[in-house]
Each structure stands twice: as structure tokens, then as C-alpha cells.
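Novice: Shown below is the structure under consideration.
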Amino acid sequence: MTSVRLERISAHYGAARVLDDITLAIETGELMALVGPSGCGKTTILKILAGLLTPSEGEVFFEDRLVTNVSAERRGAAMVFQKPLLFPYLSVGENVAFGLHMRKVARDETRRRVREALEWVHLAGYESRRPSQLSGGQEQRVTLARALVTQPKLLLLDEPFSALDESLRAGMRLLVRELQQRLGITTVFVTHDQMEAAAIADRIALVFDGRLEQCAAPRDFYTAPATLRAARFFGWTAISANRGTIAFRPESVLMDKASGVDSSDESFDVAVVSFLDLGTRLLLRVRFDTGEELELELDPSQTDDRRALSPGARIRLRVPHSAQRRFP
Amino acid sequence: MKRDNGTNGTERNKRKKSGFPFVSFRSVCSVISLQWAAGTVTAILALLPVALLGLWSIARGWYWPALLPREWSARAWGYVFAPESGIASALAMSAGIALAVTVLSLAVALPAARALALHEFSGKRLLLFALLLPVIAPPLASAMGVHALYLRYGLADTMAGVILVHLIPAAPYATLMLAGSFARFDTDYEAQARTLGASPLAVWRSVTLPAIAPGLAVAASFAFLISWSQYLTTVFIGGGRIVTLPLVLVAFQRGGDEAITAALSLVFLAPTLVVFATVARFLRQQH
Numbered sequence: 073m074t075s076v077r078l079e080r081i082s083a084h085y086g087a088a089r090v091l092d093d094i095t096l097a098i099e100t101g102e103l104m105a106l107v108g109p110s111g112c113g114k115t116t117i118l119k120i121l122a123g124l125l126t127p128s129e130g131e132v133f134f135e136d137r138l139v140t141n142v143s144a145e146r147r148g149a150a151m152v153f154q155k156p157l158l159f160p161y162l163s164v165g166e167n168v169a170f171g172l173h174m175r176k177v178a179r180d181e182t183r184r185r186v187r188e189a190l191e192w193v194h195l196a197g198y199e200s201r202r203p204s205q206l207s208g209g210q211e212q213r214v215t216l217a218r219a220l221v222t223q224p225k226l227l228l229l230d231e232p233f234s235a236l237d238e239s240l241r242a243g244m245r246l247l248v249r250e251l252q253q254r255l256g257i258t259t260v261f262v263t264h265d266q267m268e269a270a271a272i273a274d275r276i277a278l279v280f281d282g283r284l285e286q287c288a289a290p291r292d293f294y295t296a297p298a299t300l301r302a303a304r305f306f307g308w309t310a311i312s313a314n315r316g317t318i319a320f321r322p323e324s325v326l327m328d329k330a331s332g333v334d335s336s337d338e339s340f341d342v343a344v345v346s347f348l349d350l351g352t353r354l355l356l357r358v359r360f361d362t363g364e365e366l367e368l369e370l371d372p373s374q375t376d377d378r379r380a381l382s383p384g385a386r387i388r389l390r391v392p393h394s395a396q397r398r399f400p
Numbered sequence: 013m014k015r016d017n018g019t020n021g022t023e024r025n026k027r028k029k030s031g032f033p034f035v036s037f038r039s040v041c042s043v044i045s046l047q048w049a050a051g052t053v054t055a056i057l058a059l060l061p062v063a064l065l066g067l068w069s070i071a072r073g074w075y076w077p078a079l080l081p082r083e084w085s086a087r088a089w090g091y092v093f094a095p096e097s098g099i100a101s102a103l104a105m106s107a108g109i110a111l112a113v114t115v116l117s118l119a120v121a122l123p124a125a126r127a128l129a130l131h132e133f134s135g136k137r138l139l140l141f142a143l144l145l146p147v148i149a150p151p152l153a154s155a156m157g158v159h160a161l162y163l164r165y166g167l168a169d170t171m172a173g174v175i176l177v178h179l180i181p182a183a184p185y186a187t188l189m190l191a192g193s194f195a196r197f198d199t200d201y202e203a204q205a206r207t208l209g210a211s212p213l214a215v216w217r218s219v220t221l222p223a224i225a226p227g228l229a230v231a232a233s234f235a236f237l238i239s240w241s242q243y244l245t246t247v248f249i250g251g252g253r254i255v256t257l258p259l260v261l262v263a264f265q266r267g268g269d270e271a272i273t274a275a276l277s278l279v280f281l282a283p284t285l286v287v288f289a290t291v292a293r294f295l296r297q298q299h
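Listed in order, the protein sequences are those of chains A and B. Count along the first sequence from 1, then add 72; that gives the number in my numbering. Count along the second sequence from 1, then add 12; that gives the number in my numbering.
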């Protein structure tokens, strides 16, 4: 329930610079996803927000309060790690109550709030279980309850579901989103999965090599990526053209049938390398005259003649102007 | 002996429950009887000398070829517990020194073990070697040098000097043992606790300490027992003024009084058994 600002943050591990001049504002009640390849510094940003790490340069603000040098335990930013990190010698209830004990909350209120938090994560009545009796998904839900029960100013999630099965992950994503919106908690969610980020976040901050590449709504990364790297990270393919690079979404390509050709559409003569008919879509691997090979998806309605797509055949492809981005 | 019975019993129950269809009843029996035999032999080897000491301590004249003493006497035990014998004060001295050595060892070992297990720094291998030195080198080799040094600083013939010299083997042992505990400890638990509002002291008390408690218990008991069983270094540095139980024990052994030597040996053995029983029980509770 706090807006958060990072201003010109840099961080070093020894001599290595892991964050370089990051400025980022997260609005009250917003869920911001930090995305990027592993090792790009997104977890470091999270640790700086949590107060577990002091940046070498720059400031952190919660609302308008400077908290750069406020220690983690006084900052009120609860973190959920990739590992569940449930204290093994405490019961589930005691684990959830941990933060309340640290704040010396009265016993009755603690019991009530723990019960409520376990209800949030659909684990009502699990107070007396041991962490060792839980499944991976249940463990992570307890961890979420343990963070939420303290009513943190900021909720930090560090790839919290990456150790779970894909089937569980979708449900966990929904649960986090639902609770985050219901409780109105400002949240920062770290993931290396752009699909997960797009599914859950209000806005996505893309980080490369310790620098902020682009910060925008998920949709923008699919329609208007700011840089070629951002485009590639969100699944765009790119081909070098005479004037720089043209990026496009692999599913936006059309067979050139000479009709409705916009002069600004880009056309390519390519050779088919391989072809798979998946029923609802056609998967093509093609070679451009430049020697570059790309995988593309075509709508089956684009062609009736499957022989035209047999390996070795030459076809003409068109990328609609609206679906392409040019980068220098 | 009783405890052996207990573990064998539960072992047998486990086997019954697991119920391998291809393992015959007879082979299960033979495995169990083997375990029994091994347990019994171990128990006899461990307990027989103690039982003999018990007999010696209450015997009056026990000569070959008699299988058991002819006459009995409580003289030795009476002497051991008599205030004028000075044994009670030696016992108190031993316990006091051992407790001080335990506390100081842990005070040194906790930060040192954490650094060794969780941080990389230059000279780490050298430090590890230095830690192993007192374990490798015989105490006699260093005792002379240490004595010369302690004389210069007025530590010779003092209790502080004896505590300090006991720390030479005790602190490295405790450090190496605790390093194992810290190596298995995930410090993300501490980070997690801090983001939930735990102060550094609370993190230590409610996260780190419970996690390393088993290793801490073992390290503490080893430090205690290392100090408790020191003889040479106590003689060298204490100069005969700091009288601990091993010194009294050796004196009576040289004097040839078997009954008192035996009684003293049992007194000397008692804390060892108590410490190990406590630690074993504590470790079992942890699991």
C-alpha cells in the first residue's frame, strides 16, 4: 500500500557492476514484474528493495520516505524466495505467525490473523501441520501467507513458482494476482519467463546486463518493443534488411498472394527448409537470401497448396507494415 | 544394555511393517540375531572395564587367583568424598576450567566456523591448516614453548593460563565441528526472517541457533571433554598449583592404591557418560 521509487541505483559485487543507473517507479497497488535473462540483476533489485543489500549509488523511496539505509527488518517489505524456506522446527501456524511474533502482536490477534492468512491461500486448518508434511505447492502457499499476514508495505516475489510444475504454476499465478488485487499490495515479481510476467503484471520492467531496457505494459512488449533485444526477449523474430533490422512476430507473416499489398509491407523471397502441418497452424522453417534461417507460423487459410511448402520450394512472404518494427 | 534392547525392538518392527515378500522369515531372524550379537559384544567391551573398576573401588585386597574380591570396603569412596582429601576441590577445579574452556571455545568457534563455512577469503586454506595443527602436533611438542611464553606474561601457574592452554586443542576442534553445521546451513533463512521483521538478535535466536543446535551441542561437549581429559598441558602450565582431577588420578595410580584409583577413575568417567547421554538424547529429539 505504498508507492516505491528507485532512483539512479547502481550496485557492485566486488569489482563487478551488477546494476547500472536503474530508475524505476512502482505505483501504489501495482504489480510490477521484473523480467530478464538469469544473471541480469533482477534479483539484486529485489534485494535492494527488501533492504537486504545496500546499493553503492542511488536512493530507494517508499512513498516519499527515504529508506535506502533502513534495515530489512524495519522496512516492511516481505519477501518470498524461490525456495519455500519454511522454518522446519516450527509448525505451519508458527511459521505464518513468525512476522507477527517479531512485531509482538497479541496472542489472540495472532491466532486470528494466521487463520485468516491460511484461508487466503486455501490452507484453512493447516496450523498444526509440519512443513515436511506439505507438498511443494502447499509450501509456497504457506510462504505467501507468511509474507502477507504481516501486512507488508511491499510484497517481493523472487521467482516463487519456478520450482513447481507448470500445472501448479498457473494456479499459483492466479492466486497471487487475486490476493495482490484484493489486498491492494504493491508487489514486485521477479521472473525470467516473459509469458509469466505478461500474464500476471500491470507493468513489466525488462532488465538486461544490469540496465533497464524498457518499462511498459505487457501489451506494449508484443506491439511496440523499444529495442531489438526487448523484441527478441518477447518472442519477436528479426531479419536483417538493407536499412537495419526488421523485427516481426513469427505468427504475423502472410503468404504473398499479390492482393491487398500495401506498398510499405515488406516482402521476402525465401526457400522452405522444412514444414509441419499442425492442423490449426503451419510451422515453417525458411531460409532467406541473406542465409539467415527463421521459424515462422502461418495460418492454414493462407494457402491451400501444401506442395508449395515442400522443402526446397521457393515462396514469397509478406510482413504487414503494422506488424513490423524497424531497428537500426 | 537396555537401550540396545529398545533399538533392536523397533528395528524388528520396521522390518515387519516393510514386509518384503522375498525375504524369508529365517534370514530376517539371522540378521536380527547378528545385530544382537554385535550389540552385545560392543556393550561387553565397553562396560566390562567399567564394571571391573567398580569392583576394584569396593574391594579390599583382590589377588590372583581369586575370581572376585574376598573382602569388601567402602574406604575408597569414603576417602573420595571426604573434604580433607582435596578430591572434591580438584573436581570443582576440573569442572570450572572445562566449563570456561567450553564457553570460550564456542565464543571463538561460532564466528570463525561461520566465516570458514560461508565466506571465501584469501588465506582460508592456510587458516584451515593452522586449525588442524594442534590436532596433528602432539601437545608435548608445543607445551614447552607455550610454557616459556606464559612465564613471560605471568600466565604460568594460574587458572587463566591453564584455561588458555586447554583452548589450544579445544577451540580448533569446536571450530571444525561447527564449520560442518554452518556449511549445511542456508543463510537465505536469515534473509527471509529479516524481511519478516526479525532483528539481528532475533534472527540469531530463532533461526540460526536452532539450525546449528545439534552441531553446537556436539562441539560444546567435545570442548568440555578435551579440557576435562587434559593432563600434560595442565601439569606444564599449572605447575602443580592448579590441581585438576587427572592430576589427582595419576598421583594415586603412582602411589599404588588400586581402590582409590578405581573410584577416582569412575568419578573421572562420569561426566563423559553424562555429556554423551545428554547429547545423544538431544540429537534424537532433533530428528
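Cβ atoms here follow ideal geometry from the backbone N, Cα and C, with glycine treated the same way.
With distances taken between CB atoms, is the gap from A:Ala343 to A:Arg359 smaller than 8 Å?
Specialist: Working through the first sequence from its first residue, we reach residue 343 of chain A at position 271. Working through the first sequence from its first residue, we reach residue 359 of chain A at position 287. It is a contact, given that the beta carbons lie within the stated cut-off.
Novice: If we call anything under 8 Å between Cβ atoms a contact, is A:Arg388 one with A:Asp328?
Specialist: Counting from one through the first sequence, the residue named residue 388 of chain A turns up at place 316. Counting from one through the first sequence, the residue named residue 328 of chain A turns up at place 256. Yes, Cβ-Cβ distance for A:Arg388 and A:Asp328 is below 8 Å.
Novice: Express the C-alpha separation of B:Ala275 and B:Leu111 in angstroms, rounding to a whole number.
Specialist: One-based indexing of the second sequence puts residue 111 of chain B at position 99. One-based indexing of the second sequence puts residue 275 of chain B at position 263. Cα to Cα, the separation comes out at about 23 Å.
Novice: Below 8 Å on the Cβ atoms is my contact criterion, and I expect A:Leu121 with A:Val132 to pass it. Report the Cβ-Cβ distance as a whole number of Å.
Specialist: Numbered from its first residue, the first sequence carries residue 121 of chain A at position 49. Numbered from its first residue, the first sequence carries residue 132 of chain A at position 60. Between A:Val132 and A:Leu121 the Cβ distance is about 7 Å, and since that is below 8 Å, they are a contact.
Novice: For a contact meaning CB atoms closer than 7 Å, what does B:Pro222 contact in chain A?
Specialist: In the second sequence, residue 222 of chain B corresponds to position 210, counting from 1. Under the 7 Å cutoff, chain A gives Tyr161.
Novice: State yes or no: is the beta carbon of B:Ala129 nearer than 8 Å to at least one beta carbon in chain A?
Specialist: As a position in the second sequence, residue 129 of chain B is number 117, starting the count at 1. Not closer than 8 Å to any Cβ of chain A, the Cβ of B:Ala129 fails to qualify, so no.
Novice: Please give the ranges of any alpha helix (DSSP H) in the region 154–236 of chain A, keeping only runs that are unbroken, at least 4 residues long and fully inside the region.
Specialist: Those alpha helix (DSSP H) runs which fall completely within the region 154–236 of chain A and span 4+ residues are 164–174, 179–192, 208–220.
Novice: Could you tell me which of A:His393, A:Phe280, A:Gly282, A:Ile272 sits nearest to A:Arg291, measuring between CA atoms?
Specialist: To locate residue 291 of chain A, count along the first sequence from 1; it is residue 219. Answer by Cα proximity: A:Ile272.
Novice: Going by other Cβ atoms of all chains shown within 10 Å of its Cβ, with 16 needed for buried, is A:Trp308 buried or exposed?
Specialist: Translated into positions along the first sequence, residue 308 of chain A becomes position 236. Result: buried.
Novice: Please classify B:Tyr162: does DSSP put it in a helix, a strand, or coil?
Specialist: Taking the second sequence and counting its residues from 1, the one referred to as residue 162 of chain B is at position 150. Residue state, collapsed to three classes: helix.
Novice: Let me confirm a value: B:Trp48 is counted as buried when at least 16 other C-beta atoms fall within 10 Å, else exposed. Which label applies?
Specialist: Translated into positions along the second sequence, residue 48 of chain B becomes position 36. Label assigned to B:Trp48: exposed.
Novice: In the DSSP assignment, find the unbroken beta strand (DSSP E) run with A:Ala149 in it and report its ends.
Specialist: The residue you call residue 149 of chain A lines up with position 77 of the first sequence. 149–152 is the span of the beta strand (DSSP E), which, as asked, contains A:Ala149.
Novice: Based on the DSSP output, what are the partners of A:Met327 in its beta bridges?
Specialist: On the first sequence, position 255 is the one that residue 327 of chain A refers to. Its beta-bridge partners are A:Leu389.
Novice: Establish whether the CB of A:Leu216 and some CB of chain B are separated by less than 8 Å.
Specialist: Along the first sequence, one-based indexing puts residue 216 of chain A at 144. Closer than 8 Å: no.
Novice: Taking only beta-carbon atoms, is B:Gly209 less than 8 Å away from chain A?
Specialist: Start at 1 with the first residue of the second sequence, and residue 209 of chain B comes out as number 197. Interface residue, yes.
Novice: State the beta-bridge partners of A:Phe134 as determined by DSSP.
Specialist: Here residue 134 of chain A refers to the residue found at position 62 of the first sequence. Answer is A:Val76, A:Arg137.
Novice: Rounded to the nearest angstrom, what separates B:Arg5 and B:Ala205 at their Cα positions?
Specialist: With chain B running from 13 to 299 in the structure shown, residue 5 of chain B is simply not present.
Novice: Taking the straight line between their C-alpha atoms, what separation do you get for B:Leu116 and B:Val247?
Specialist: Numbered from 1 along the second sequence, position 104 holds the residue referred to as residue 116 of chain B. Numbered from 1 along the second sequence, position 235 holds the residue referred to as residue 247 of chain B. About 21 Å.
Novice: Along the region 135–153 of chain A, what residues have a CB closer than 9 Å to any CB found in chain B?
Specialist: Those residues of the region 135–153 of chain A that come within reach of chain B (Cβ to Cβ, closer than 9 Å) are Ser143, Ala144, Glu145, Arg146, Arg147, Gly148, Ala149, Ala150, Met151, Val152, Phe153.
Novice: Using beta-carbon positions only, say whether B:Leu167 and B:Leu176 come within less than 8 Å of one another.
Specialist: Position 155 of the second sequence holds residue 167 of chain B. Position 164 of the second sequence holds residue 176 of chain B. Contact: yes.
Novice: Under three-state DSSP, which class holds B:Gly192?
Specialist: Residue 192 of chain B sits at position 180 when you count from the first residue of the second sequence. Note: B:Gly192 maps to helix in three-state DSSP.
Novice: Would you identify the three-state DSSP class for B:Pro33, choosing helix, strand or coil?
Specialist: The residue you call residue 33 of chain B lines up with position 21 of the second sequence. Residue confidence is low: B:Pro33 scores 48 on pLDDT, short of 50, so the model does not pin down where it sits. No coordinate-derived value is stated.
Novice: May I ask you to report which of helix, strand or coil DSSP gives B:Val262?
Specialist: Along the second sequence, one-based indexing puts residue 262 of chain B at 250. In the structure shown, B:Val262 sits in a helix (DSSP, three-state: H, G or I).
Novice: Is any beta-carbon of chain A found at less than 8 Å from that of B:Ala203?
Specialist: Locating residue 203 of chain B in the second sequence gives position 191, where the first residue counts as 1. At least one chain A Cβ lies under 8 Å of B:Ala203.
Novice: Assess contact between the region 148–166 of chain B and the region 236–252 of chain B, defined as three or more Cβ pairs (one per stretch) separated by less than 8 Å. Is contact present?
Specialist: In short, these stretches touch, since the Cβ pair count reaches three.
Novice: Against chain B, which members of the region 162–178 of chain A pass a CB distance test of less than 7 Å?
Specialist: Of all residues in the region 162–178 of chain A, Phe170, Gly171, Met174, Arg175 have a Cβ within less than 7 Å of some Cβ in chain B.
Novice: So what's B:Thr220 in DSSP terms, helix, strand or just coil?
Specialist: One-based indexing of the second sequence puts residue 220 of chain B at position 208. In the structure shown, B:Thr220 sits in a helix (DSSP, three-state: H, G or I).
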